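*Asks:* I'd like to ask you about the structure that follows.
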Amino acid sequence: MVSNQAHRTSIGIDDMAAYIPHLYFPISDLAEARDLEYAKLNKGLGLEAMSITDAHEDAATMAANAVLELILKNDIDPHRIGRIYLGTESALDGAKPTATYTLDMLNDYFEPTYGPDCLLHCDVVDLTFACVGAVDALQNTLDWVRGGSDRIGIVVASDIARYELGSGGEYTQGAGAIALLVRENPRLLSIDPDWGVATRPVHDFFKPLRQVSKADIIREVLNLFDDQRMDVEALVEQLSESIEVKGILDANEAQLNLHKSTPVFDGPYSNDCYQQRIGEALGHYLAQSGQSADLPIIDKWDRLVFHLPYAYQARRMFSEIFVDTLRKRGEWTAWAAKNELSDPQPEQFESPEAFQKANAQLLKVVTKTADYRAFVQEKIEAGERASSLMGNLYAGSLFLSLMSTLAVAQREQDDLEDGRIGFFGYGSGSKSKVFVGSLQPGWRELVERFQLFERLEERQAVDYDTYEQLHRGTRTESVMPPEDTFYLKHIETARGVREGARTYGRFERVMI
Numbered sequence: 001m002v003s004n005q006a007h008r009t010s011i012g013i014d015d016m017a018a019y020i021p022h023l024y025f026p027i028s029d030l031a032e033a034r035d036l037e038y039a040k041l042n043k044g045l046g047l048e049a050m051s052i053t054d055a056h057e058d059a060a061t062m063a064a065n066a067v068l069e070l071i072l073k074n075d076i077d078p079h080r081i082g083r084i085y086l087g088t089e090s091a092l093d094g095a096k097p098t099a100t101y102t103l104d105m106l107n108d109y110f111e112p113t114y115g116p117d118c119l120l121h122c123d124v125v126d127l128t129f130a131c132v133g134a135v136d137a138l139q140n141t142l143d144w145v146r147g148g149s150d151r152i153g154i155v156v157a158s159d160i161a162r163y164e165l166g167s168g169g170e171y172t173q174g175a176g177a178i179a180l181l182v183r184e185n186p187r188l189l190s191i192d193p194d195w196g197v198a199t200r201p202v203h204d205f206f207k208p209l210r211q212v213s214k215a216d217i218i219r220e221v222l223n224l225f226d227d228q229r230m231d232v233e234a235l236v237e238q239l240s241e242s243i244e245v246k247g248i249l250d251a252n253e254a255q256l257n258l259h260k261s262t263p264v265f266d267g268p269y270s271n272d273c274y275q276q277r278i279g280e281a282l283g284h285y286l287a288q289s290g291q292s293a294d295l296p297i298i299d300k301w302d303r304l305v306f307h308l309p310y311a312y313q314a315r316r317m318f319s320e321i322f323v324d325t326l327r328k329r330g331e332w333t334a335w336a337a338k339n340e341l342s343d344p345q346p347e348q349f350e351s352p353e354a355f356q357k358a359n360a361q362l363l364k365v366v367t368k369t370a371d372y373r374a375f376v377q378e379k380i381e382a383g384e385r386a387s388s389l390m391g392n393l394y395a396g397s398l399f400l401s402l403m404s405t406l407a408v409a410q411r412e413q414d415d416l417e418d419g420r421i422g423f424f425g426y427g428s429g430s431k432s433k434v435f436v437g438s439l440q441p442g443w444r445e446l447v448e449r450f451q452l453f454e455r456l457e458e459r460q461a462v463d464y465d466t467y468e469q470l471h472r473g474t475r476t477e478s479v480m481p482p483e484d485t486f487y488l489k490h491i492e493t494a495r496g497v498r499e500g501a502r503t504y505g506r507f508e509r510v511m512i
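In full-length UniProt numbering, the protein residues as written are 1 to 512.
So, in structure tokens, the structure goes:
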């Protein structure tokens with residue numbers, strides 16, 4: 001069976017733009033502060049630096065900066081943009097989409113040239129599924145472009161990956177935004193219509209609405225003052241039972257909902273979910289594209305691009321598919337013998353858990369072999385480089401890996417003409433999507449304009465104290481005042497119909 005791709009108009013990514021925060025924190029400094037071995041973070045996980053947001057930045061400003069660059073460098077009339085879909089798990093509101101704040105900033109910027117409401121008929125929405133939300137937005141937008149004539153859509157991923165200070169996820173943090181221009185006859189990457197998906201409802205990483213009782217809040221405050229004399233329950237009873245809300249503790253609800261930007265997560269379990277979902281989604285992709293399940297499809301893809309929660313995630317998780325590819329080629333038995341590997345069988349073990357442990361050990365040993373390392377160097381490594389310098393971008397991570405892959409290929413003059421790229425998206429919760437794209441003839445000229453690694457070299461490092469202040473939110477003054485970028489101007493704190501509303505601005509560089 002042959003895919004219907006040849007009978008359809010080519011749809012895909014026409015161009016890309018990245019917003020890279022101007023600040024970063026070296027992983028070596030974090031390792032020193034946390035008494036961690038830097039070599040394990042650097043050589044083991046591929047970490048060098050994490051991008052961090054300044055006091056005036058959030059998911060909306062980063063998205064607006066990335067989208068603005070994309071529009072300007074492609075000289076697009078905003079009236080022609082039919083949608084801007086945002087993939088994020090750093091939403092700023094429980095109802096109002098973060099994308100509306102981004103749209104507001106863009107409207108203000110373009111009004112002098114294109115008039116008021118130049119984006120009035122632009123559809124916007126947030127899509128959230130942990131780190132795969134922007135992949136969902138891309139698939140949806142590709143279908144939308146395919147369903148009309150000469151449609152222009154923009155997909156943007158914008159996230160701030162933040163973990164609790166001192167936690168096991170702290171060194172994987174990062175921030176940034178990636179914008180994609182989606183249209184017919186793309187100049188950069190044509191994307192096949194066949195996609196694979198695998199979804200299982202699990203709790204490997206999530207950001208729950210944590211319920212906190214008023215009594216617990218009061219008790220914690222009293223404990224800070226080492227005051228055990230107060231009757232907490234009596235204090236709670238004294239709170240107003242009126243429907244009028246004057247403060248936080250006299251809110252109508254018995255329990256207060258606390259939404260934190262930092263997740264609840266199980267790292268080892270999430271790795272297992274990642275490994276299983278991408279394998280399941282790859283199998284589904286083969287079925288959807290009418291190809292045999294026994295086809296060693298990885299051989300047909302010149303580069304592999306992944307969601308990277310840390311730079312070396314893919315190389316550590318992909319060994320199972322590497323082994324499966326050897327089996328499909330009929331080479332596994334001889335290859336295992338050459339590398340002195342024993343292949344565990346379920347019947348050899350007393351329990352499924354014992355077999356799984358032995359198989360996991362085998363896959364770990366496979367990653368140490370010369371053949372696997374050569375495979376990583378050929379198909380994966382280029383996509384890791386930007387991640388090493390920025391950290392996890394959550395919804396933007398997959399697309400940062402794509403930009404990194406292409407930037408390295410352009411700079412090192414790799415032969416990727418008509419190259420096929422396999423994509424492995426993943427979002428905790430958990431879901432994977434697998435799809436494939438083909439590089440277009442003019443890709444090198446477009447990628448040269450990314451200036452990805454040049455921009456990364458222009459960033460400013462911060463010391464530990466500044467990093468912690470920004471993380472805790474205790475620093476309100478910008479480390480680097482905004483220049484030619486959007487910025488968060490104000491958050492309304494007064495009670496009333498505007499409580500929590502955010503307003504934004506933009507500083508333009510004054511040429512002298």
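Glycine is no exception: its CB is placed at the ideal position from the N, C-alpha and C atoms.
None of the values given here were measured: they were computed from a predicted structure.
Give the single residue among Pro78, Thr503, Val447 and Tyr372 whose Cα lies nearest to the Cα of Glu492.
*Replies:* Answer by Cα proximity: Thr503.
*Asks:* Which of the three DSSP states, helix, strand or coil, is assigned to Ala33?
*Replies:* Ala33 falls in the helix class under three-state DSSP.
*Asks:* How long is the line joining the alpha carbons of Val366 and Val182, rounded to whole angstroms?
*Replies:* Whole-angstrom Cα-Cα distance: 39 Å.
*Asks:* So, using beta-carbon positions, are residue 536 and Ala395 closer together than 7 Å?
*Replies:* Outside the modelled stretch of the chain, which goes from 1 to 512, sits residue 536, for which no answer is possible.
*Asks:* Rounding to the nearest angstrom, what Cα-Cα distance links Pro441 and Glu417 in this structure?
*Replies:* Taking the straight line from one Cα to the other gives about 7 Å.
*Asks:* Classify Arg219 as helix, strand or coil using the three-state DSSP reduction.
*Replies:* Of the three classes helix, strand and coil, the one that applies to Arg219 here is helix, per DSSP.
*Asks:* Buried or exposed for Asn4, going by 16 or more other Cβ atoms inside 10 Å?
*Replies:* Caution applies to Asn4, whose pLDDT of 44 falls short of 50 and renders its modelled position unreliable; the model cannot decide the point.
*Asks:* Just the C-alpha distance for Phe25 and Gly115, rounded to the nearest angstrom, thanks.
*Replies:* If I take the Cα positions, the gap works out to 41 Å.
*Asks:* In this structure, does DSSP put His490 in helix, strand or coil?
*Replies:* DSSP places His490 in strand when its eight states are reduced to three.
*Asks:* Taking the CB atoms as reference points, tell me whether Thr141 and Tyr101 lie closer together than 7 Å.
*Replies:* Going by C-beta atoms, Thr141 is not nearer than 7 Å to Tyr101.
*Asks:* Tell me where the beta strand (DSSP E) around Gly44 begins and ends.
*Replies:* Gly44 -> no beta strand (DSSP E), and no H or E assigned at all.
*Asks:* What first and last residue would you give for the beta strand (DSSP E) that runs through Pro296?
*Replies:* First-last for Pro296: undefined, no H or E at that position.
*Asks:* DSSP on Ser3, reduced to helix/strand/coil?
*Replies:* Low confidence applies to Ser3: its pLDDT is 45, below 50, so where it sits in the model is not reliable, and the reading given next is rough at best. Reduced to three states, the DSSP call for Ser3 is coil.
*Asks:* Report the start-end ranges of each beta strand (DSSP E) in the stretch 109–152 that is 3 residues or longer and not cut off at the edges.
*Replies:* You should have 123–127.
*Asks:* Can you give the Cα-Cα distance for Ile512 and Asn107, rounded to whole angstroms?
*Replies:* Below a pLDDT of 50, predicted positions are generally treated as unreliable, and Ile512, at 49, falls in that range; the measurement from the model is reported next regardless. Those two C-alpha atoms are separated by around 27 Å.
*Asks:* Is Asn392 buried or exposed, if buried means 16 or more other CB atoms sit within 10 Å of its CB?
*Replies:* Buried is the call here.
*Asks:* Enumerate, from N- to C-terminal direction, the unbroken beta strand (DSSP E) stretches of 3 or more residues contained entirely within the stretch 374–440.
*Replies:* As far as the stretch 374–440 is concerned, its whole beta strand (DSSP E) runs of at least 3 residues are 420–427 and 431–439.
*Asks:* What number of angstroms, rounded off, separates the C-alpha of Asp414 from the C-alpha of Phe450?
*Replies:* Going by the C-alpha atoms only, they are around 17 Å apart.
*Asks:* Taking all protein chains shown into account, decide if Ile248 is buried (16 or more other Cβ within 10 angstroms of its Cβ) or exposed.
*Replies:* Per the 10 Å Cβ criterion, exposed.
*Asks:* Since His296 contacts Arg329 with CB under 8 Å, what's their CB separation in whole angstroms?
*Replies:* The question names His, but residue 296 in the sequence shown is Pro. The Cβ separation is near 5 Å, so the contact holds.
*Asks:* Can the beta-carbon of Gln288 be found closer than 7 Å to that of Gly437?
*Replies:* No.
*Asks:* If you check the beta carbons only, do Ser428 and Ala130 fall under 7 Å apart?
*Replies:* In this structure, Ala130 lies closer than 7 Å to Ser428 by Cβ.
*Asks:* Restricting to Cα atoms, I'd like to know which of Arg210, Ile13, Lys96 and Thr53 is closest to Arg151.
*Replies:* Per the Cα distances, Ile13.
*Asks:* Rounded C-beta distance between Ser430 and Arg316? I'm assuming under 8 Å.
*Replies:* Going by Cβ atoms, the distance from Ser430 to Arg316 rounds to 17 Å, so no, they are not a contact pair.
*Asks:* On the premise that Leu363 lies in contact with Ser319, defined as a C-beta separation below 8 Å, what is that separation, rounded to the nearest angstrom?
*Replies:* Indeed, because the Cβ distance is near 4 Å, the residues count as touching under 8 Å.
*Asks:* Less than 6 Å between C-beta atoms, sequence neighbours within five positions excluded: which residues of the same chain meet that for Asn185?
*Replies:* Excluding sequence neighbours, Asn185 sits near Ser10.
*Asks:* In three-state DSSP terms, what is Phe355?
*Replies:* Here Phe355 sits in helix by DSSP.
*Asks:* Relative to the C-alpha of Gly425, which residue among Gly87, Ala234 and Arg475 is closest?
*Replies:* Considering only alpha carbons, the answer is Gly87.
*Asks:* By the 10 Å Cβ neighbour count, where 16 or more other Cβ atoms means buried, how is Ser292 classified, buried or exposed?
*Replies:* It is exposed - the Cβ of Ser292 has fewer than 16 other Cβ atoms within 10 Å.
*Asks:* Please work out which residues of its chain come closer than 7 Å, Cβ to Cβ, to Glu508, disregarding the five sequence neighbours upstream and downstream, and give them in chain order.
*Replies:* So the list reads Asp484, once near-sequence residues are dropped.
*Asks:* What first and last residue would you give for the alpha helix (DSSP H) that runs through Ala336?
*Replies:* Taken as a continuous stretch (DSSP letters only), the alpha helix (DSSP H) holding Ala336 covers Trp332 to Lys338.
*Asks:* Below 8 Å CB to CB, which residues in the same chain sit around Ile321 once its five sequence neighbours on both sides are set aside?
*Replies:* The answer, listed in chain order, is Ile278, Gly279, Leu282 and Ile298.
*Asks:* According to DSSP, simplified to helix, strand and coil, what is Pro21?
*Replies:* It is coil, neither helix nor strand.
*Asks:* Suppose you measure from the CA of Ala501 to the CA of Pro208; what does that come to, to the nearest Å?
*Replies:* Taking the straight line from one Cα to the other gives about 23 Å.
*Asks:* Output the distance between the C-alpha atoms of Val2 and Pro193, rounded to the nearest integer angstrom.
*Replies:* Bear in mind that the predicted position of Val2 carries a pLDDT of just 41, short of 50, making it too unreliable to give a figure here.
*Asks:* Where does Thr466 fall in DSSP's three states?
*Replies:* Here Thr466 sits in helix by DSSP.
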